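If you're matching positions, the sequence shown starts at 61 in the working numbering and goes up one per residue. These notes concern the structure reproduced below.
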Amino acid sequence: MQSIPVLRSINIFYLFFILCLNCLAQDSVKLIIPTFLGNETRNYYGNEAPEKLDVIWKTKLGGGPTVMPNAARDTVIMYGAGWTGQPMLVQEGDNLFILQGAYDYNLRKINAKTGEVVWKYKYDDVIKSSGTIWENPLKDKNDPDKYVIFQGSRRGFGKEVWDKIIPSYRAISYYTGKELWRYNSIKGGSFSRDVDGTALIIDDTLFIGLENGFFVSLNPNPDSARVKDGIKQPIEFFNHKLYTDTDVRAHNNNVVNESAPALLGDHIYITSGAGYLYGFNRKKGEIDFSFYTGSDMDGSPIITRDSCILISIEKQYISGKGGAMLIDPKKHQDSCVVWFYPTGDSVFTDWRGGVIGSCATNDMYISKNQNSLAAFVGIDGNIYVVDNEFTNPDDSVWCPNKLQKHRKPQLIFKYNTGISISTPIFTENRLIVLTYNGLYMFEYDERCNFKLLEKNSKIRGEATPIIHNKRLYVASRDGNFYCIGKKD
Numbered sequence: 061m062q063s064i065p066v067l068r069s070i071n072i073f074y075l076f077f078i079l080c081l082n083c084l085a086q087d088s089v090k091l092i093i094p095t096f097l098g099n100e101t102r103n104y105y106g107n108e109a110p111e112k113l114d115v116i117w118k119t120k121l122g123g124g125p126t127v128m129p130n131a132a133r134d135t136v137i138m139y140g141a142g143w144t145g146q147p148m149l150v151q152e153g154d155n156l157f158i159l160q161g162a163y164d165y166n167l168r169k170i171n172a173k174t175g176e177v178v179w180k181y182k183y184d185d186v187i188k189s190s191g192t193i194w195e196n197p198l199k200d201k202n203d204p205d206k207y208v209i210f211q212g213s214r215r216g217f218g219k220e221v222w223d224k225i226i227p228s229y230r231a232i233s234y235y236t237g238k239e240l241w242r243y244n245s246i247k248g249g250s251f252s253r254d255v256d257g258t259a260l261i262i263d264d265t266l267f268i269g270l271e272n273g274f275f276v277s278l279n280p281n282p283d284s285a286r287v288k289d290g291i292k293q294p295i296e297f298f299n300h301k302l303y304t305d306t307d308v309r310a311h312n313n314n315v316v317n318e319s320a321p322a323l324l325g326d327h328i329y330i331t332s333g334a335g336y337l338y339g340f341n342r343k344k345g346e347i348d349f350s351f352y353t354g355s356d357m358d359g360s361p362i363i364t365r366d367s368c369i370l371i372s373i374e375k376q377y378i379s380g381k382g383g384a385m386l387i388d389p390k391k392h393q394d395s396c397v398v399w400f401y402p403t404g405d406s407v408f409t410d411w412r413g414g415v416i417g418s419c420a421t422n423d424m425y426i427s428k429n430q431n432s433l434a435a436f437v438g439i440d441g442n443i444y445v446v447d448n449e450f451t452n453p454d455d456s457v458w459c460p461n462k463l464q465k466h467r468k469p470q471l472i473f474k475y476n477t478g479i480s481i482s483t484p485i486f487t488e489n490r491l492i493v494l495t496y497n498g499l500y501m502f503e504y505d506e507r508c509n510f511k512l513l514e515k516n517s518k519i520r521g522e523a524t525p526i527i528h529n530k531r532l533y534v535a536s537r538d539g540n541f542y543c544i545g546k547k548d
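Take a look at the structure:
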């Protein structure tokens, strides 16, 4: 007769123990890689690179159909995950979890030790973008919606660009995978209503560029969302059109915004498909910096240690070459170019050259007396490494629109990796890049001597990897997500 209360006491103790563990896990959450390229300045990729490029585990992502933005509107099946496709990384207690969007329409939470999928949330189309995770300061630490993921997708398979509702940007609960709100990306001057960009969240405000051509500011808090047009939507603080009617005609409606905004002082900088680098003044609430290249720019603005901005430029809508450029926003737009490095012209799909992905810098990993480097991969199939802070006054090149000449930075290293639109990642002595030919890992020393350490030819694609504790995590176009490192 006494066994029943004993069992009850054991069950109560067990439940209490589980609750305590859950509280402990939630109380010790650390956002390690919470957004594309790691932080608000878009220049952090993780702590330690792997020693080898062995496959530790892989998880199947699969694929899904989507409509291509060409005249024929071809339907294709895309596998794995692609540009920008960088995972987020979160630590709960002693456990690590990956958050990854994929071409099978699903956003996943994945156990970083085993590759086991914890939950999946399905969108209406393929997911190309990188997400952002945010800690809601208004929520209790044990609230299941304390941490929120903001992730975009393409507009929706079967949906038309002129449809009234295209909810291609959404907020998802980190713990449960439950939808918290969805945002209608309205029709603009662009041919697209996808969301391939990544949000920048400052305090209680979310900033993001959308493929409809608008730069918008939202209230990320799900509790503030309201039903509008039949769906629960976040409050919109503002939207700025990042194009003119002239831009729409010149670019044939290709004025999409695909980059991730970056923070520098009181300004938020964002690149646009209409060919501009814009600076939004947070104090004034207006755009007060504008630099025009004329070409499409999909890569994100990258902040360097000397408060300059690295931008990547395609070979599109311009008479000159695409490449990488360093901008000093403290100067007037007519004299703000520090240097320009052109890459070779080359035809690949709809591109004709230049740099599609973002530039990388080693600034977060080096001391003040070491060389600040920039790395970028061109459509010409080469990875380039240049010195950010050294130019030769006698070495100048034409700017992208051939209206004037700019100084050219010193080339440190060049290697033919094959074509890529991925962003390379740096550490203090490693440079890693994923290309359509494979995954490459280079080593460099304090004298900036580079050498190839290893190549994994089986892992290919355009997603951007992350690294943590000598493990590399990346999605491949073969339909899988990989954990890479040295096998025990």
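Backbone N, C-alpha and C define an ideal beta-carbon position, used for all residues, glycine too. None of these values were measured; they are calculated from a predicted model.
Could you tell me which of the options sits nearest to residue i, measuring between CA atoms?
i       : options                               : result
Ser-350 : Ile-362, Gly-335 and Gly-359          : Gly-335
Ile-371 : Ser-379, Ile-544, Ile-362 and Ile-378 : Ile-362
Ile-426 : Leu-499, Arg-507 and Ile-158          : Arg-507
Asp-410 : Lys-201, Asn-130 and Arg-537          : Asn-130
Met-385 : Val-407, Val-415 and Lys-391          : Val-415
Asn-272 : Arg-133, Gly-333 and Glu-449          : Gly-333
Leu-324 : Lys-180, Tyr-338 and Asn-461          : Tyr-338
Lys-518 : Phe-502, Thr-331, Val-316 and Ser-536 : Ser-536
Asp-203 : Lys-343, Gly-345, Thr-236 and Trp-179 : Thr-236
Ala-98  : Ile-439, Asn-461, Ser-360 and Gly-521 : Residue identity differs from the one stated: residue 98 is Gly in this sequence, not Ala. It is Ser-360.
Gly-289 : Ala-310, Ala-259, Thr-306 and Trp-241 : One detail in the question is off: residue 289 reads as Asp in this sequence, not Gly. Among Ala-310, Ala-259, Thr-306 and Trp-241, the Cα nearest to that of Asp-289 is on Trp-241.
Tyr-165 : Ser-480, Gly-124, Asn-155 and Thr-192 : Gly-124
Gly-257 : Asp-358, Asp-205, Ile-226 and Lys-120 : Asp-358
Lys-344 : Ile-330, Ala-310, Asp-326 and Asp-356 : Asp-326
Asp-366 : Ala-172, Ile-387, Lys-546 and Asp-200 : Ile-387
Lys-391 : Cys-368, Gly-382 and Asp-405          : Cys-368
Ala-172 : Tyr-163, Phe-502, Phe-157 and Gly-161 : Phe-157
Asn-509 : Asn-529, Gly-498, Phe-473 and Lys-530 : Phe-473
Gly-383 : Leu-499, Thr-126, Ser-355 and Ala-162 : Ser-355
Asp-264 : Leu-302, Glu-296 and Asn-155          : Glu-296
Tyr-181 : Leu-159, Ser-190 and Thr-174          : Leu-159
Lys-238 : Trp-458, Ile-262, Leu-167 and Tyr-542 : Leu-167
Lys-120 : Thr-495, Phe-541 and Asn-312          : Phe-541
Hey, would you say residue i sits closer than 8 Å to residue j, going by beta carbons?
i       : j       : result
Phe-274 : Ile-328 : no
Phe-251 : Val-221 : yes
Asn-107 : Ile-527 : yes
Tyr-243 : Tyr-229 : yes
Leu-89  : Glu-152 : In the sequence under discussion, the amino acid at residue 89 is Val, which differs from the Leu named in the question. Yes. Within cutoff.
Leu-278 : Ser-245 : no
Pro-280 : Phe-210 : yes
Val-276 : Phe-298 : yes
Gly-417 : Thr-483 : yes
Pro-420 : Gly-145 : Correcting the residue identity first, residue 420 is Ala in this sequence and not Pro. No, the Cβ-Cβ distance between Ala-420 and Gly-145 is not below 8 Å.
Trp-117 : Lys-188 : no
Pro-294 : Thr-192 : no
Pro-413 : Asp-440 : Here residue 413 is Gly; the residue named in the question, Pro, does not match the sequence. For Gly-413 and Asp-440, yes; Cβs fall inside 8 Å.
Ser-456 : Lys-462 : no
Tyr-401 : Lys-468 : yes
Asp-184 : Gly-216 : yes
Pro-227 : Arg-531 : no
Would residue i be called buried (16 or more neighbouring beta carbons within 10 Å of its own) or exposed?
i       : result
Trp-194 : buried
Pro-197 : exposed
Leu-84  : In this prediction, Leu-84 scores a pLDDT of 45, lower than 50, which makes its location untrustworthy; no coordinate-derived value is stated.
Pro-147 : buried
Leu-81  : Confidence at Leu-81 is low in this model, with a pLDDT of 45, below 50, so the placement of that residue should be treated as unreliable; the coordinate-derived value is given next. With fewer than 16 other Cβ atoms within 10 Å, it is exposed.
Thr-135 : exposed
Ile-72  : Any reading at Ile-72 must be qualified, since the residue scores a pLDDT of 49, below 50, and its modelled position is unreliable; the value itself is stated next. Exposed: under 16 other Cβ atoms inside 10 Å.
Met-128 : exposed
Leu-471 : exposed
Ile-485 : buried
Tyr-533 : buried
Arg-133 : exposed
Leu-512 : exposed
Lys-169 : buried
Phe-450 : exposed
Val-150 : buried
Val-398 : buried
Asp-307 : buried
Arg-253 : buried
Would you call the stretch 373-380 and the stretch 442-452 in contact, with 3 or more CB pairs under 8 Å?
no
When the Cβ atoms of the stretch 483-502 are set against those of the stretch 426-436, are three or more pairs found closer than 8 Å?
yes
Hey, which unbroken runs of the alpha helix (DSSP H) at 4 residues or more fall wholly within the stretch 160-205?
none
Only counting runs of 3 or more residues, tell me where the beta strand (DSSP E) segments fall wholly within the stretch 263-319, in order along the chain.
265-269, 274-278, 286-288, 291-293 and 296-301
In chain order, each alpha helix (DSSP H) run of at least 4 residues that lies wholly inside the stretch 445-507:
none
Would you mind listing the beta strand (DSSP E) stretches within the stretch 402-443 that are 3+ residues and don't spill past its ends, in chain order?
405-408, 411-413 and 433-437
Kindly provide the ranges of any beta strand (DSSP E) runs that are 3 or more residues long and lie completely inside the stretch 349-407, ordered along the chain.
369-373, 383-387 and 397-402
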